[in-house]
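Working notes, beginning with the structure itself.
There are 2 protein chains.
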Amino acid sequence: MAIDRRVVRTRTALYDALVALIRAKDYEAITVDDILDEANVGRSTFYAHFTSKDDLLQRSLERLRDLLVGVRQGALDGVEGGWDPARALFEHVGEYADVQAALAGGHGGAVLREAVDKVLADVLRQTMGAGPAGGLPRELVIQHMVATFNTTLRWWREHRPAMAPAEADALFRQLLLRGLPADVATPFIGADERVVKSLSGA
Amino acid sequence: MAIDRRVVRTRTALYDALVALIRAKDYEAITVDDILDEANVGRSTFYAHFTSKDDLLQRSLERLRDLLVGVRQGALDGVEGGWDPARALFEHVGEYADVQAALAGGHGGAVLREAVDKVLADVLRQTMGAGPAGGLPRELVIQHMVATFNTTLRWWREHRPAMAPAEADALFRQLLLRGLPADVATPFIGADERVVKSLSGA
DNA sequence: GCAATTTCCGAACACCGTGTCCGGTATCGT
DNA sequence: ACGATACCGGACACGGTGTTCGGAAATTGC
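Chains as they are written, first to last, in the numbering used here: chain A, -13 to 188; chain B, -13 to 188.
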């Protein structure tokens, strides 16, 4: 007994409708009725497949995750043997300006970003395997990579949209691999060792 | 005509009620009626002062921001001349485990974190003034500091709650000032120069 | 093709939270 | 004390959510 074609049709219709709507308006502003309208699906049918709008988003992103992992696997199996996810992402996000806007957007952005972060972290977690983490906690490293990537991406699109992908990538690498010059970080980190000592001693 | 005492009473009552509720349940799950209940304020009165729950949150955080800036200013004016915000934050967040939980929480967390991030960024922005940014875009630096701090903080509370504040701070400084060892970042950054070249050449 | 099964529709429904309005009352500033 | 202003609280319309159910339509397996 193969899977009923009707269910895959309705589900993909709903998936597609969601992304179409995300491209058009804030995620938070999207209503279930909107999705039903866009997908041409009955209300009861929707709730027969998903428990809520958020549930739909989750499962949509699971699809995205599987796709990313698949792509990466393909690249690894290929002869080229090379794979630079960050660079590739920077190169291609420009083609999805509307998605960018959705991710940057005021209110809906937060939940959406949260979900996307989770997916990226999942992919990285699978990718890193059990390799060395340079003495740093693996999970912290993963979260930091995701956060730094997203920070760079958002800054790029919001403050320097004209910048070339390669430049954004370079900034990203600098932040991630070399960090900040000490004097730049002073306002947050403290002035110098003397100060730190005086504080902890008091 | 001095400011009517009634308005400051109701407003602080609402501020306090909000934080009390945030400590008890998810931000998203908090309803206006909950706040009204907790603060003993009439519905119409609430809407006479704030336009929505989010508005209340915003203004609450503006208060927090002013407080942070004030504290910092005081520290700068003091003779000690030292100030290590990050370290101080790491030292004290342990006392607010409930707030931590609120910030970490599944759904409500996202909006809340967004707002808090904004406040931190504001404070830093004021703090940095026009100093050098080491050739890096100032806004990017600010965002990166905030993001790295929050990443470390969340990881700490979620994965190593027993860790000492000083240790968490040390990890934070390493991520921020030295970055990641290249081999650790490979899964996200690419293998080596040869690979990068082959990709960009193709 | 046909029958049995599964899915879909769509309309109706109760529920809850939001934001607004208004007359009466209490509290404030001077 | 008096005028102004803020508060109360109940009622209201509105919109979105999630559920239910009988009948129609599509799909599968044979």
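For each residue, glycine too, the CB sits at the ideal point set by N, CA and C.
* Which bits of chain A does B:R164 rub up against, with CB to CB less than 8 Å? -> Numbered from its first residue, the second sequence carries residue 164 of chain B at position 178. Neighbours of B:R164 in chain A, taken as residues at a C-beta separation under 8 Å, are given in chain order as R164 and G165.
* Can you name, in chain order, every residue of its own chain whose Cβ lies under 7 Å from the Cβ of A:Y13, other than the five neighbours on each side? -> Locating residue 13 of chain A in the first sequence gives position 27, where the first residue counts as 1. Exclusion of the five residues before and after A:Y13 leaves A88, G94, V97 and L98 as the residues of its chain whose Cβ lies within less than 7 Å of its Cβ.
* Measure from the C-beta of B:G120 to each C-beta in chain A and report whether the shortest distance is under 7 Å. => For this step, residue 120 of chain B is matched to residue 134 along the second sequence. At least one chain A Cβ lies under 7 Å of B:G120.
* Asked: How about A:E77: is its C-beta nearer than 7 Å to some C-beta of chain B?
  -> Within the first sequence, numbered from 1, the residue matching residue 77 of chain A stands at position 91. Residue-level contact by beta carbon fails for A:E77 and chain B, as no gap is shorter than 7 Å.
* From A:L43 to B:E77, what does the alpha carbon distance come to, in whole angstroms? -> Along the first sequence, read from residue 1 onward, the residue named residue 43 of chain A stands at position 57. Along the second sequence, read from residue 1 onward, the residue named residue 77 of chain B stands at position 91. Per the coordinates, the alpha-carbon of A:L43 lies some 37 Å from the alpha-carbon of B:E77.
* Asked: Should B:V85 be flagged as near chain A, meaning a C-beta pair shorter than 7 Å?
  -> Taking the second sequence and counting its residues from 1, one reaches residue 85 of chain B at position 99. No - not a single Cβ of chain A is within 7 Å of the one on B:V85.
* Got a sec: is the Cβ-Cβ distance from B:V97 to anything in chain A below 7 Å? -> Counting from one through the second sequence, the residue named residue 97 of chain B turns up at place 111. At least one CB atom of chain A sits nearer than 7 Å to the CB of B:V97.
* To do: Identify each residue in the stretch 123 to 139 of chain A for which the Cβ-Cβ distance to at least one residue of chain B is less than 8 Å, and report them in chain order.
  => If the cut-off is 8 Å between Cβ atoms, the stretch 123 to 139 of chain A has P123, E125, L126, V127, Q129, H130, M131, A133, T134, F135, N136, T137 and T138 near chain B.
* Asked: Whose C-beta lies closer than 7 Å to the C-beta of B:V55 among residues of the same chain, with five residues either side of it excluded?
  -> By one-based count along the second sequence, residue 55 of chain B stands at place 69. Non-local C-beta neighbours of B:V55 in its own chain, meaning closer than 7 Å and more than five positions away in sequence, comprise V109 and Q112, ordered along the chain.
* Asked: What did DSSP end up calling B:F158 once you bin it into helix, strand or coil?
  -> Along the second sequence, one-based indexing puts residue 158 of chain B at 172. If DSSP states are grouped into helix, strand and coil, B:F158 belongs with the helices.
* To do: Throw me the rounded Cβ distance for the A:E125 and B:H145 pair, which I believe falls under 8 Å.
  => One-based indexing of the first sequence puts residue 125 of chain A at position 139. One-based indexing of the second sequence puts residue 145 of chain B at position 159. About 6 Å; that satisfies the 8 Å criterion.
* **Pairwise C-alpha distance: B:D20 and A:G67** => Looking up residue 67 of chain A in the first sequence gives position 81. Looking up residue 20 of chain B in the second sequence gives position 34. Low local confidence applies: a pLDDT of 48 at A:G67 is under 50, so the model's placement there is unreliable, with the coordinate-based value given in what follows. Going from the Cα of A:G67 to the Cα of B:D20 covers about 57 Å.
* **Sequence-distant residues of the same chain with beta carbon closer than 7 Å to B:L24, five excluded per side** => Walking along the second sequence from the start, residue 24 of chain B turns up at place 38. First, the residue type needs correcting, since residue 24 of chain B is Glu and not Leu in the sequence shown. Take B:E24, set aside five residues on each side of it, and the residues of its chain with a beta-carbon closer than 7 Å to its own are A3, A6 and L7, in chain order.
* **Identity of the residue in B:V102, B:Q86 and B:V105 nearest B:K11 by Cα** => Numbered from 1 along the second sequence, position 25 holds the residue referred to as residue 11 of chain B. If you compare the alpha carbons of B:V102, B:Q86 and B:V105 with that of B:K11, the shortest gap goes to B:Q86.
* Quick one: which chain A residues come within Cβ less than 8 Å of B:R159? -> As a first step, residue 159 of chain B must be located in the second sequence, where it is residue number 173. The answer, in chain order, is I175.
* Asked: What first and last residue would you give for the alpha helix (DSSP H) that runs through A:R143?
  -> Counting from one through the first sequence, the residue named residue 143 of chain A turns up at place 157. Per DSSP, A:R143 belongs to the alpha helix (DSSP H) from R124 to H145.
* So is A:D70 buried or exposed if we call it buried at 16+ other beta carbons inside 10 Å? -> As a first step, residue 70 of chain A must be located in the first sequence, where it is residue number 84. By the 10 Å Cβ count, A:D70 comes out buried.
* Asked: A:N26 to A:E81, Cα distance in whole Å?
  -> Your numbering for residue 26 of chain A matches position 40 in the first sequence. Your numbering for residue 81 of chain A matches position 95 in the first sequence. Approximately 28 Å between the Cα atoms of the pair.
* Taking three-plus beta-carbon pairs below 8 Å as touching, is the stretch 143 to 160 of chain A in contact with the stretch 145 to 162 of chain B? -> Result no; under three Cβ-Cβ pairs closer than 8 Å.
* **B:V170 at chain A interface by Cβ criterion, 7 Å** => Counting from one through the second sequence, the residue named residue 170 of chain B turns up at place 184. Yes, its Cβ sits closer than 7 Å to a Cβ of chain A.
* Asked: List, in order along the chain, the chain B residues whose C-beta lies closer than 8 Å to that of A:H145?
  -> On the first sequence, residue 145 of chain A is found 159 positions in, with the first residue counted as 1. Those within 8 Å of A:H145 in chain B are P123, E125 and L126.
* Under 8 Å Cβ-Cβ, which residues of chain A neighbour B:T151? -> In the second sequence, counting from the first residue as 1, residue 151 of chain B sits at position 165. Before going further, note that residue 151 of chain B is Pro rather than Thr in the sequence given. Per Cβ cutoff of 8 Å: no residues; B:P151 is ~10 Å from chain A at best.
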